[in-house]
Every structure is written in structure tokens, then in C-alpha cells.
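To start, the structure under review is shown below, and the notes come after it.
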Amino acid sequence: MDKPTALHLYRVMRTIRRFEQRSTTLFGENKIWGTIHSYAGEEAIAAGVCEHLRDDDWITSTHRGHGHCIAKRAELGKMFAELLGRETGYCRGRGGSMHIADTSKGNLGANGIVGGGIPIATGAALTAKQLGTDQVAVSFFGDGAANQGTFHESLNLAAIWKLPVVYVCENNQYAESFPAKKAFAIDDIALRAEGYGMPGVRVDGRDVVKVYDAAGAAIARARKGDGPTLLVCESYRHEGHYYGDPRKYQSKEEIEGWKTAYDPLLDARGWILRDALADAAELDAIDRAVDEEIETAVTWAEAGPPASPLKLPEDIYASF
Amino acid sequence: MPPSRTAPLPSSGAGEDQPQTREMFYAEALNDALRIEMQRDPKVIVLGEDIAEHGGAFQVTAGLLAEFGPERIRQTPISEIGLVGTAVGAALTGLRPVAELMYIDFSGLAMDQIVNQAAQNRFMFGGQARVPLVVRTQGGSGRGNAAQHSKSLEAWFTHVAGLKVVMPATPADAKGLLAAAIRDDDPVIFIEHKLLYRTKGQVPTGEHVVPLGHADVKREGTDVTIVTWSRELLFSLEAAATLADEGISAEVIDVRSLVPLDKETILASVRKTRRVLVVHEAIKRGGYGGEIAALIAEEAFDDLDAPPRRLAGLETPIPYAQPLELGVVPQVADIITAARELATG
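Here the protein sequences come in this chain order: X and C.
Going by this note's numbering, the first residue of the first sequence is number 1079, and it counts up by one from there.
Going by this note's numbering, the first residue of the second sequence is number 3, and it counts up by one from there.
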């Protein structure tokens, strides 16, 4: 991998991590309303996949969507502003964390419904095919969504129509509180792809290079018109299902063990140093730049006006 | 809200300003709208079950496969949430899909994509998105299809902010409203009635658009207003004709578009006749007639000589056996009785 790509992947991952840490702080300060779901621990997936996407390619995301949004090149200030309920937020305070979208960058939205984005990405891919473009759609979803009906119906449709879509299943081992090993009678979710007649690829979602390579192949395949792929990325989320999750379904040993042993961001740093793509000083400089960018974004977001109720009805319908 | 009396009934008159019309079945009029809209906009596609060679369960897409090919008449497996969700994604990204749900009773299978996605995407995204989606479906009883294929579920959809809900009763309105729904930038639930497909009427040929949000006074009268939609319109007109023989002049309003609702046309009629009967096939409890009766009570209470009255389906699943089935939804005689009581009470 070339140095700019490697450093960009690192920067995206680092940005996602810091964004989640900073959001958690803001939540603790009671500045964020509702709920947030941290993507910490899964950064390599969004970064590795979206590195191959253009602004006119589409993604659908999940309730745990900050990482996808950042990797799809969203503006951090508008993301924080949305979490803070500001008129300057991506959705002008109508959506919040679970509904951030940036259609100008092809982000068709986080989604509060598990599996809700899978057919939507399939439809975006249909648009590309219908209009004869080489755009692709990527649907990010979790292991929980792989047991929803939308998964089944969408993968079948995409396969019979050979749509340019990549289904990225992020297996973070838990559907809310339900462990994947109890929710599936198979160990490898990618096996399901064969039943739909598409390639199924399982990859270590902690390793950004492996994700990057596997996603690159799947996206290139879709772009060429050769149809969909199911890409299953094995992962682990550092935090609970949501901010404040008491995590009664996990042991302390498991949580602490994974958190120290499983860190895709540290892994990425180790890989870059080992392959001499950059030295520690360069990576430290990226870290500092990201920290500054995050603080600038938070400051900008906090200065924004609160979401206005006056304009509420006009967003419901395009015309009424 | 735009002025009330729009889109006059098509006339077969020969005046220069009159559109050319032709007698068509309701199903044929819908087919005509789909064909014309697909001809004028390559972004219009149709997705659904049995819509290709078979021509749709009610023949609404008959012949379209031959004209537009399998890419635009996209027949799907029996996958309701998959086909509706795919249509939502296509709508968000630039197409104008028409998704066909064969029976409204199957909408439960697709409900998340309709209610949580299509209806709310624009709002949740702060106005960034448009969802120019039409979900065509049909409901209603009267064909012995029993409880899972006969419901009138429009109230479910009227309750969801972000959806528009349209229910044409005549062939001309079916064509004009479907064209308007396809051209609309919001998700529209377009509900046909299975026993209207084989009804006939004069329909403008060529492009014909009836704007959403406009009720239509299908018969003028002075003594009592009947507010209704879908197949009950035909029953109400029949009832009004009989009532006229008795010397009771009933005005019959076809709501056509439940959301947006043309309040002005309804209120103006009620203020004139001072008595109102709301008639629909759907179950009375929680039915949209309650919304209309409440609207009238809120906004025209002082103009009324009698409380608003509802005549609607009994609170039961639709039974199979014919006498039972006919007994649970309002028939012409029921409307005559209710309107007579109101007008003479």
C-alpha cells in the first residue's frame, strides 16, 4: 500500500476514535440528548471500505453510524452540531445521532431500524444500474441485521438482478445484548452468500489492510457490473450497545480483555511503523491534527443556533 | 390549500377546450397513466409481483412489459419489504419508482420501509432528501377473498406524517391521480379498490393530471352532505339518486385525496347543507371518517343542524361467506337510510 493511502486510513480511524471519545464526553456533560452508539473498535471497517468509494457512490449506515459517516467524508462540525441539536447540524436537529445523513456525499443515512438500510442500498444500486452509471452502493449493517428479513430479500434481489452493491456485515459479536454465537447456528455468516448465489468473503475486521483489500475487490467487482458481494468483517465493539449500557450480558474479564487486546487503531499504527510507511513522529502529528480538528468542530458546533421549530413542517413534505 | 372545485368531471362534449375522452375501465385508466408517465420520464419504473407477463393480479400493468422491457417493468420475487425498500432506495437516488403491493393486506410485510424509511427520510435528514415513491396497492371487500385479502387500511397510512394517501373512485380520477402521484416528490400510498377495476367511465386521453389534495363534488345537493371515497362513492351516488326521488337533495363529495385533505370543499358543503354523513368501507373504529367528523365538529360546529354522523364497516375481520361479507360494510340501502334520517331528523 502506498504511504498516502496508509496515512489516510490511519487518519480516518483516528478521527472516528476521537469523535466517539469526544461525543461520550459531551454526552456525560448532558449536552447530547437521547442516545449514542459508539463505533470505537470497528474503525478499520468503515475506513477500509470507504477508501474505495467516490462521493457519488452511496452508503447506508446503521444506528452505530458515526464511523461510516466520517469515513464517507462528512464534515465533523455538522456531525457534532447534529448531536447537539443545532440548526447547523446535518439534519438541522431533526435526526440526531441515529439519522445523520449527508446526501451530498452519498450517505443515505444512519438508520434506527436494524436492517433498515439494506434494501435502501439495494435500491440505490438499482438506480446505478438503471441509469447505466458505474456508481456502487455499500450497505453497512451488523450481525443483528443479518437475521432480519430485509437481509434475505435484499440479497436475493441484488443477486438475481446483478446489482452493483456490497453488503458489509460488521459482526461485532452482539446484536444489542444477544451474542452472535447464540443467534447463528453457523460460525461464518459469509456462508450465507452461497445461498443467494454471490461471493461471500470473511475478513478480520480489526485489520484495516485486510478490509481494504477485500472491500477493494468487492467494490471493483460491483463497479464492473459483476454483481453483489457479502463481505463479513469480524469485529468487536469497545463500548456497550449504547452509551450507559450496563453490559450485564458481558463479563468484566471479557470487556477488559478485548479492550486491551483488540484495538484496530493500535494495530494500524503498528503496521505503518513496521512497514516503515511513516515514523512515529508523523503519526503523532496526525494524532495532534485530528485532535485539533475535533476541537475546532466541537467549538463550531456549540456556537450554532438551536434547531428552530419554526421550520419544522416544511421538512416533512417536499410539497403539500 | 388550493381552491376546492378543481378537475371537473370529464365531459364528452365537443367544445375546443374539452379534452378528448374515451370510455375505459378503471384498470385500463391506471394502465394508461403508467404508460404515459413511463413514456414521458425514463426514470419511472415499476416494481412488483406478477407484473410482467401476467400483467399484474388485476391487469393494471398489462402490455407494459412489451413496451418498456424487463428493466423498467421489474418483476420481483414475493418479497414485499425487499421490493418496497428497494423502491425507497431507488427513489432516494433519482428514480421515480412505482411499487405494487398486490393487496393492501400485505403492506404489513413492508411497513417498516413505508413508515420508518420512506415517510421519514426527508424529515429525519433535515430536508436533504426527496422520496418520489408511489406504492400502488388495492383493498376492499366484496369478492369473497376473506380476511387476509379484503381489508380497507387507509387509516394506517393517514396516521403517518410524511405519507400522502390517495384513493380514486372513478376511472378518470384513477388516471389523473396516478399521474400526479408519480410526478409528486413525496411518497404516495395509492389505494385502489378491487371491485372498481372493472367499472367504466369516460377518461381523458393523453396526459391527464388531477392534482393531489383536491376533493371533488361528484353530485351537488342542498339537504345533506355525504363525504366518502373509493367504492363507497359509487354506492353513495346510487343512494343520492334514490333519495332525490324522495325529494331529498344529497351532495356527494369524493374526498379522493385523504392526505393532503381538502378541508375547504368539505366544510363549504357542510356549511351549505348543515348535515353531514361520512361513509367509508373501513372499520368505523379508528377509521378516517372519525378524523373528518372531528374536523367538521371543530371547524363548523355552529353551522350544523345535527351531529356529524359516520356510516362505516363493522368492527370485524372481513368474513368469507357472501351474505356475511355484504353485511359488514355499508351498502346502498344503509346509506339511503342513514342520509334520510339525517336529512329529515
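We put the beta carbon where it would ideally sit given N, CA and C, even for glycine.
On a predicted model such as this, the values are computed, not experimentally measured, just so you know.
His1086 of chain X to Arg1284 of chain X span [Cα, whole Å]
Here residue 1086 of chain X is taken as the residue at index 8 of the first sequence, counted from 1. Here residue 1284 of chain X is taken as the residue at index 206 of the first sequence, counted from 1. The straight-line gap from Cα to Cα measures roughly 17 Å.
Please classify Phe1398 of chain X: is it buried, with 16 or more other beta-carbons within 10 angstroms of its beta-carbon, or exposed?
For the purposes of this step, residue 1398 of chain X is identified with residue 320 of the first sequence, where counting begins at 1. The Cβ neighbour count for Phe1398 of chain X, taken over all protein chains shown within 10 Å, is under 16; the residue is labelled exposed.
Contacting residues, own chain, Cβ-Cβ under 7 Å from Asp336 of chain C (five flanking each side not counted):
For the purposes of this step, residue 336 of chain C is identified with residue 334 of the second sequence, where counting begins at 1. Correct list, in chain order: Leu313.
Thr95 of chain C at chain X interface by Cβ criterion, 7 Å:
Residue numbering aside, residue 95 of chain C sits at position 93 when the second sequence is read from its first letter. Closer than 7 Å: yes.
Go to Arg1280 of chain X, then tell me how far its beta strand (DSSP E) extends in each direction, as first and last residue.
Here residue 1280 of chain X refers to the residue found at position 202 of the first sequence. Arg1280 of chain X: member of the beta strand (DSSP E) spanning Gly1278 to Asp1282, first to last residue.
On the CB-based measure, 16 or more other CB atoms within 10 Å of its CB, does Leu1209 of chain X come out buried or exposed?
Within the first sequence, the letter at position 131 stands for residue 1209 of chain X. Per the 10 Å Cβ criterion, exposed.
Could you tell me if Asn1249 of chain X is buried or exposed, where buried requires 16 or more neighbouring beta carbons within 10 angstroms of its beta carbon?
For the purposes of this step, residue 1249 of chain X is identified with residue 171 of the first sequence, where counting begins at 1. Buried.
Could you work out which residues of chain X lie near Thr78 of chain C, taking near to mean beta carbons separated by less than 7 Å?
By one-based count along the second sequence, residue 78 of chain C stands at place 76. Residues of chain X with a Cβ closer than 7 Å to the Cβ of Thr78 of chain C are, in chain order, Leu1235.
For chain C, is any of its Cβ atoms less than 7 Å away from the one on Ala1202 of chain X?
Taking the first residue of the first sequence as position 1, residue 1202 of chain X is located at position 124. Cβ-Cβ to chain C under 7 Å: yes for Ala1202 of chain X.
Could you give the DSSP three-state label for Gly164 of chain C: helix, strand or coil?
If you number the second sequence from 1, residue 164 of chain C lands on position 162. Secondary structure of Gly164 of chain C (DSSP, three-state): coil.
Ile298 of chain C (DSSP reduced to helix, strand or coil):
Taking the first residue of the second sequence as 1, we reach residue 298 of chain C at position 296. Helix, per DSSP.
Counting only the same chain and skipping the five closest in sequence on each side, list residues whose C-beta sits under 6 Å from that of Ser143 of chain C.
The residue labelled residue 143 of chain C in the question sits at position 141 within the second sequence. A distance below 6 Å between beta-carbons, with the five flanking residues on each side excluded, links Ser143 of chain C to the following residues of its chain, in chain order: Ser152, Ile320, Glu327 and Val331.
Mind pulling the chain C residues with CB within less than 9 Å of Asp1179 of chain X?
Here the question's residue 1179 of chain X lines up with position 101 in the first sequence. Note that residue 1179 of chain X is Ala in the sequence shown here, rather than Asp. Within 9 Å Cβ-Cβ: Asn123, Met126, Phe127, Gly128, Gln130 and Ala131.
Report buried or exposed for Ser154 of chain C, applying the criterion of at least 16 other Cβ atoms within 10 angstroms of its Cβ.
Sequence index remark: in the second sequence, residue 154 of chain C carries index 152 (1-based). Counting every other CB atom within 10 Å of its CB across the protein chains shown gives Ser154 of chain C a total of 16 or more, marking it as buried.
Cβ-Cβ distance between Ala1224 of chain X and Ile1267 of chain X below 7 Å:
Counting from one through the first sequence, the residue named residue 1224 of chain X turns up at place 146. Counting from one through the first sequence, the residue named residue 1267 of chain X turns up at place 189. Going by C-beta atoms, Ala1224 of chain X is nearer than 7 Å to Ile1267 of chain X.
Closest by CA to Leu111 of chain C, which one among C:Arg132, C:Leu179, C:Asn118 and C:Ile83?
Taking the first residue of the second sequence as position 1, residue 111 of chain C is located at position 109. The shortest CA-to-CA distance from Leu111 of chain C to any of C:Arg132, C:Leu179, C:Asn118 and C:Ile83 is the one to C:Ile83.
Lys1389 of chain X in three-state terms, based on DSSP:
Counted from its first residue, the first sequence places residue 1389 of chain X at position 311. For Lys1389 of chain X, the secondary structure class from DSSP, reduced to helix, strand or coil, is helix.
Please report the distance separating the alpha-carbon of Glu1121 of chain X from that of Asp34 of chain C.
Taking the first sequence and counting its residues from 1, the one referred to as residue 1121 of chain X is at position 43. Taking the second sequence and counting its residues from 1, the one referred to as residue 34 of chain C is at position 32. Cα to Cα, Glu1121 of chain X sits roughly 51 Å from Asp34 of chain C.
How about Ile285 of chain C: is its Cβ closer than 6 Å to a heavy atom in the ligand PLP?
The model depicted lacks the ligand PLP and carries no ligand whatsoever.
Considering Val46 of chain C, what are the terminal residues of the beta strand (DSSP E) in which it resides?
For this step, residue 46 of chain C is matched to residue 44 along the second sequence. It spans Val46 to Gly50 - the beta strand (DSSP E) in which Val46 of chain C sits, taken as one unbroken run.
What first and last residue would you give for the alpha helix (DSSP H) that runs through Thr1140 of chain X?
One-based indexing of the first sequence puts residue 1140 of chain X at position 62. Taken as a continuous stretch (DSSP letters only), Thr1140 of chain X belongs to no alpha helix (DSSP H), as it is neither H nor E.
Opening and closing residue of the beta strand (DSSP E) in which Asn1249 of chain X lies:
Taking the first residue of the first sequence as position 1, residue 1249 of chain X is located at position 171. Under the DSSP assignment, Asn1249 of chain X falls in the beta strand (DSSP E) whose first and last residues are Val1243 to Asn1249.
Counting contacts by CB-CB distance shorter than 7 Å, is Arg1172 of chain X in contact with chain C?
Here residue 1172 of chain X corresponds to residue number 94 of the first sequence, with the count starting at 1. With 7 Å as the cut-off, Arg1172 of chain X counts as an interface residue toward chain C.
Does DSSP classify Ser1101 of chain X as helix, strand or coil?
Working through the first sequence from its first residue, we reach residue 1101 of chain X at position 23. In this structure, Ser1101 of chain X counts as helix in the three-state DSSP scheme.
Euclidean distance between Cα positions of Asp247 of chain C and Thr339 of chain C:
Numbered from 1 along the second sequence, position 245 holds the residue referred to as residue 247 of chain C. Numbered from 1 along the second sequence, position 337 holds the residue referred to as residue 339 of chain C. As the crow flies, the alpha-carbon of Asp247 of chain C is around 14 Å from that of Thr339 of chain C.
Are three or more beta carbon pairs between the segment 1134-1150 of chain X and the segment 1351-1365 of chain X nearer than 8 Å?
Taking 8 Å as the limit for Cβ pairs, the verdict is that the segment 1351-1365 of chain X does not touch the segment 1134-1150 of chain X.
Compare the C-alpha of Ala68 of chain C against each of C:Val90, C:Arg37, C:Ile250 and C:Pro79 and name the closest.
Residue numbering aside, residue 68 of chain C sits at position 66 when the second sequence is read from its first letter. When each option's Cα is compared against that of Ala68 of chain C, the closest is C:Arg37.
Given a threshold of 16 other Cβ atoms within 10 Å of its Cβ, counted over all protein chains shown, does Pro134 of chain C qualify as buried or as exposed?
Stepping through the second sequence from its first residue, residue 134 of chain C is reached at position 132. The residue is buried, with at least 16 neighbouring Cβ atoms inside 10 Å.
Beta-carbon separation (whole angstroms), Ile1110 of chain X vs Leu1161 of chain X, contact threshold 8 Å:
Along the first sequence, one-based indexing puts residue 1110 of chain X at 32. Along the first sequence, one-based indexing puts residue 1161 of chain X at 83. Right, their Cβ atoms sit about 5 Å apart.
Pair within 7 Å by beta-carbon distance, Thr1181 of chain X and Ala92 of chain C:
Translated into positions along the first sequence, residue 1181 of chain X becomes position 103. Translated into positions along the second sequence, residue 92 of chain C becomes position 90. Going by beta carbons, Thr1181 of chain X and Ala92 of chain C fall outside the 7 Å limit.
Since His210 of chain C sits in a beta bridge, which residues does DSSP pair it with?
As a working note, residue 210 of chain C is residue 208 in the second sequence. By DSSP's assignment, His210 of chain C forms no beta bridge with any residue.
Report yes or no: do three or more beta-carbon pairs, one from the segment 1144-1158 of chain X and one from the segment 1316-1336 of chain X, lie closer than 8 Å?
With the cut-off at 8 Å, the segment 1144-1158 of chain X and the segment 1316-1336 of chain X do not touch.
Between Thr78 of chain C and Asp52 of chain C, what straight-line distance do the alpha-carbon atoms span, to the nearest angstrom?
For the purposes of this step, residue 78 of chain C is taken as the residue at position 76 of the second sequence. For the purposes of this step, residue 52 of chain C is taken as the residue at position 50 of the second sequence. Rounded to whole angstroms, Thr78 of chain C to Asp52 of chain C spans 8 Å at the Cα level.
Under the assumption that Lys166 of chain C contacts Asp186 of chain C (Cβ atoms under 8 Å), give the Cβ distance between them as a whole number of angstroms.
Start at 1 with the first residue of the second sequence, and residue 166 of chain C comes out as number 164. Start at 1 with the first residue of the second sequence, and residue 186 of chain C comes out as number 184. Under the criterion of beta carbons closer than 8 Å, Lys166 of chain C and Asp186 of chain C qualify as touching, at roughly 7 Å.
Neighbour-count burial assignment, Ile2 of chain C, 16 or more Cβ in a 10 Å radius
Beyond the ends of chain C as shown, which are 3 and 347, falls residue 2 of chain C; an answer cannot be given.
Return the residues of the segment 163-194 of chain C that lie within a Cβ-Cβ distance of less than 8 Å from chain X, sorted by chain order.
Here the close residues are Ala163, Gly164, Lys166, Asp186, Asp187 and Asp188.
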